[in-house]
Structure formats: structure tokens, C-alpha cells
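Trainee:
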Ligand SMILES: CC(C)(COP(=O)(O)OP(=O)(O)OC[C@H]1O[C@@H](n2cnc3c(N)ncnc32)[C@H](O)[C@@H]1OP(=O)(O)O)[C@@H](O)C(=O)NCCC(=O)NCCS
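Numbering (the numbering used here), first residue to last: 135 to 425.
1. Taking DSSP's pairing of strands, which residues face residue 142 in a bridge?
2. Buried or exposed for residue 174, going by 16 or more other Cβ atoms inside 10 Å?
3. Helix or strand or just coil, what does DSSP make of residue 222?
4. So who's on the other strand from residue 227, going by DSSP bridges?
5. Expressed to the nearest angstrom, what Euclidean distance is found between the alpha-carbon atoms of residue 195 and residue 252?
6. Starting from the C-beta of residue 379, find all residues in its chain whose C-beta is less than 7 Å away, skip the five residues before and the five after it, and write them out in chain order.
7. Helix, strand or coil for residue 337 per DSSP?
8. Considering residue 294, what are the terminal residues of the alpha helix (DSSP H) in which it resides?
9. Would you say residue 335 touches ligand 1, meaning its beta carbon is less than 7 Å from a heavy atom?
10. Just to confirm the assignment, what range does the beta strand (DSSP E) spanning residue 233 have?
11. What I want to know is whether the C-beta of residue 396 ends up closer than 7 Å to one or more non-hydrogen atoms of ligand 1.
12. Let me check you understand the geometry: is the CB of residue 297 closer than 7 Å to at least one non-hydrogen atom of ligand 1?
13. Give every residue of the same chain whose Cβ lies closer than 8 Å to the Cβ of residue 209, excluding the five residues on either side of it in the sequence, and list them in chain order.
14. With H, G and I counted as helix, E and B as strand and the rest as coil, what does DSSP make of residue 243?
15. With 16 as the cutoff for other CB atoms within 10 Å, does residue 341 come out buried or exposed?
16. Give me the residue from 168, 136 and 138 with the minimum Cα distance to residue 151.
17. Compare the beta carbon distance of residue 321 and residue 285 with 8 Å and say whether it is the shorter of the two.
18. Check residue 215 in the structure and name its three-state DSSP category.
19. Could you tell me if the beta carbon of residue 363 falls within a distance shorter than 7 Å of some heavy atom in ligand 1?
20. Below 8 Å on the Cβ atoms is my contact criterion, and I expect residue 204 with residue 233 to pass it. Report the Cβ-Cβ distance as a whole number of Å.
21. For a quick check, are the C-beta atoms of residue 224 and residue 248 less than 8 Å apart?
22. Distance check for residue 260 and residue 384, CA to CA, integer angstroms please.
23. Going along the chain, which unbroken runs of the beta strand (DSSP E) with 3 or more residues stay wholly within the stretch 142-206?
24. Quick check: the stretch 352-366 against the stretch 308-318, are there 3 or more CB pairs under 8 Å?
25. From what residue to what residue does the alpha helix (DSSP H) around residue 392 run?
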């Protein structure tokens, strides 16, 4: 079959996208309006049948264009499977210049060989998921007299964000440009000291505003930890009227207990990760070491 891969093609009829998603086990009940919003906030890649012009496969990406991307709704029309469309589609997506160097994450119950070919490896110990519609939130007994949690506003000093990132084990090597782009392309939630206006904690989400968000860069200034700051930041996200009902995903090395309080559960089986281009060698060495 002849097909081509196209990105962000605006004139793919929504009925074709709905028909593809109907064949999936994860989105077969997703309402059309949710699908429409999610497409509008993602980079969508379609496989188009060159003879009929119909969409016969798709995959979409949520990204901040600086650190991570989350790949979802990766599907090929049932009658066209086994003909190399999925492999070509995934190859095109992960090599797109907008994400080629970033870390990729996908949740999947089927381990696709094509994902492994493209460098995705199972991530068995760091992934947590908060399913759509989860209502769990921790008791908020901490008084927040001294700080408030706000959505990122221009009043927050970029230097304060850099200072926080420097305290993290995962973001302390990031350039100013990377940090700047990552926050500019995310929804940021910031804990700000009321007396000084200083940024004392933050978290950000990369989202399609309809189906998923990816939670990352959760960090509280060392001096203010264990005083309820982190809890209030995450609470603001999971109780947010727009984000709260969506499915949340995060990767963490060691703070699982913290997130469990908000209804995130460990998900060791479904997550695959494609390390950043500059981390591939280190990650591969770690994997070998684990074996
Ligand atoms: C993890 C972090 C964001 C939590 O923020 P915080 O302001 O210190 O946490 P809070 O004071 O709001 O604590 C809320 C609850 O989570 C618990 N908790 C805090 N950090 C935890 C951790 N690393 N692991 C397990 N539980 C933790 C607290 O004991 C507290 O429990 P309680 O409600 O039973 O008293 C903060 O400690 C931090 O920045 N750590 C370093 C960076 C990091 O590890 N980020 C997460 C990686 S993705």
C-alpha cells in the first residue's frame, strides 16, 4: 500500500480520527469534543493512504519542545496493520527535529517492536499514573499563610526558576535556553513566598488540555521542604478544574510516596522511555548494569 506521513494536516476529517480511535482500547469512548481539543494542542502525525487520501494511522505528541515529549494515540487502522505503516510513522515522529533530541515517554500495554527499534526501553520503576477521574487528594491541614500557589505569571523571575532547577538532580545541567523554552511551553504552578515574592517551589505540566498531562520538574527549595509547599503545589494541579479530571503521568526516582497521596499509582508494566539523545549512552550502560 502506498502511503505518506504528514504532520499537523488540518483537513483530515474528524470522522476519520474518531474511526481510528474507536479501534483503540484506550480511547474508544473519548467524546469528539475531547478529541478535537486534544488535537488542537498536540503535534499530530498521520499516515495517509496515497490512493484514497484517507487517514489510516496516527500518533500525537505533547511536548515543551525543550525537555520531554509524551507520545500517545499511536494507532494504525486494523486492516492496514502489518504493512510497515506503524514502523514508518514512529520513525518519522521520533526523528522530527522538534523532538529528536528530547526524552520520549509512552504508555502502552503492547510492546511494539517498532518502538524498541526506535530506542524506547521499558521503564519499570519510575512511572506513575493518575487515572482520569481520580478524586483522591490529601487532607490539606497545612496552613499556607506564608506562601501562595499561583499559575505561572510574568511576575515570577526567571532567575528564581533557574535557581530551583539547579537544586534538582535531573535539571541541574539544563541551559537557560532549555529552561526558558520548557516553562514557556508548559502550564507552571508556582509557590511564592508572600513576604518576599520569592519562588520557593514549582511544578509544571505539559498537556493537551483534554485527555492527558505529563507532570514534571516538581521541586521545592531545600530550605522550605517538609512544610507543605510541595503538597499545595500538586494539590493545585489535581484540583484544577481543567487539569484535575485528566489522566496524569509522571516519572520519579524516589518520591513515589509523595505522589501516592494524590492518587498517583505506580505503573511498572506499561511505560516505555526513549532517553534524551545526550543520555542514551549513560542509560544503556545503566541498563546493562541492572541486568
Ligand atoms: C518531593 C518534594 C517536591 C516534596 O515537597 P515538600 O514541600 O518537601 O513536601 P510537603 O511538605 O508538602 O510533604 C507532603 C507529604 O509528602 C511527604 N513527602 C515529602 N517528600 C517526600 C519524598 N521524597 N518521598 C516520600 N514522601 C515525601 C511528606 O512527608 C508529607 O507527608 P505527610 O502529609 O504525611 O506529612 C520536595 O521534597 C523536593 O523538592 N524534593 C527534591 C526534588 C524531588 O525529589 N522532586 C520529586 C521528583 S519527581
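Don't be surprised by glycine CBs; every beta carbon is placed ideally from N, CA and C. This one's a predicted model, so the numbers in the text were calculated from it and none came from an experiment.
Mentor: From the atom records:
1. The sequence position of residue 142 within the chain shown is 8, counting from 1. Answer by DSSP bridge pairing: none, since residue 142 is not bridged.
2. As a first step, residue 174 must be located in the chain shown, where it is residue number 40. An exposed status is given to residue 174, since fewer than 16 other beta-carbon atoms sit within 10 Å of its beta-carbon.
3. Counting from 1 along the chain shown, the entry for residue 222 is found at position 88. Helix.
4. Counted from its first residue, the chain shown places residue 227 at position 93. Looking at the DSSP assignment, residue 227 forms no beta bridge with any residue, so it has no partner.
5. Here the question's residue 195 lines up with position 61 in the chain shown. Here the question's residue 252 lines up with position 118 in the chain shown. Within the model, the alpha-carbon separation for residue 195 versus residue 252 is close to 15 Å.
6. What you label residue 379 is simply residue 245 of the chain shown in a count that begins at 1. Closer than 7 Å at the Cβ level, and outside the excluded window around residue 379, lie 266 and 267.
7. Here the question's residue 337 lines up with position 203 in the chain shown. For residue 337, the secondary structure class from DSSP, reduced to helix, strand or coil, is strand.
8. Residue numbering aside, residue 294 sits at position 160 when the chain shown is read from its first letter. Its alpha helix (DSSP H) spans residues 292-301.
9. The residue you call residue 335 lines up with position 201 of the chain shown. Within the cutoff, so yes.
10. As a first step, residue 233 must be located in the chain shown, where it is residue number 99. First-last for residue 233: undefined, no H or E at that position.
11. Taking the chain shown and counting its residues from 1, the one referred to as residue 396 is at position 262. It does not: the Cβ of residue 396 is nowhere closer than 7 Å to a heavy atom of ligand 1.
12. The residue labelled residue 297 in the question sits at position 163 within the chain shown. Checking the 7 Å criterion, the Cβ of residue 297 is out of range of every heavy atom belonging to ligand 1.
13. For the purposes of this step, residue 209 is taken as residue 75 along the chain shown, with counting starting at 1. Leaving aside the five residues that flank residue 209 on each side, the residues in its chain whose CB is nearer than 8 Å to its CB run, in chain order, 154, 155, 157, 158, 191, 192 and 193.
14. Locating residue 243 in the chain shown gives position 109, where the first residue counts as 1. Correct three-state label for residue 243: coil.
15. The count along the chain shown starts at 1 and reaches residue 341 at position 207. With at least 16 other beta carbons inside 10 angstroms of its own, residue 341 counts as buried.
16. Translated into positions along the chain shown, residue 151 becomes position 17. The shortest C-alpha separation from residue 151 is found at 168.
17. One-based indexing of the chain shown puts residue 321 at position 187. One-based indexing of the chain shown puts residue 285 at position 151. Going by C-beta atoms, residue 321 is nearer than 8 Å to residue 285.
18. Taking the chain shown and counting its residues from 1, one reaches residue 215 at position 81. For residue 215, the secondary structure class from DSSP, reduced to helix, strand or coil, is coil.
19. Walking along the chain shown from the start, residue 363 turns up at place 229. Yes - ligand 1 has a heavy atom lying nearer than 7 Å to the Cβ of residue 363.
20. Residue numbering aside, residue 204 sits at position 70 when the chain shown is read from its first letter. Residue numbering aside, residue 233 sits at position 99 when the chain shown is read from its first letter. Residue 204 to residue 233, Cβ: 10 Å. No contact.
21. Mapped onto the chain shown, residue 224 falls at position 90. Mapped onto the chain shown, residue 248 falls at position 114. Yes. Within cutoff.
22. In the chain shown, the residue the question calls residue 384 occupies position 250. In the chain shown, the residue the question calls residue 260 occupies position 126. When rounded, the distance between both Cα atoms is 8 Å.
23. For the stretch 142-206, whole beta strand (DSSP E) runs of length 3 or above, ordered along the chain, are 177-183 and 189-197.
24. Too few Cβ pairs lie closer than 8 Å, so no.
25. Taking the first residue of the chain shown as position 1, residue 392 is located at position 258. Unbroken alpha helix (DSSP H) run through residue 392: 390-394.
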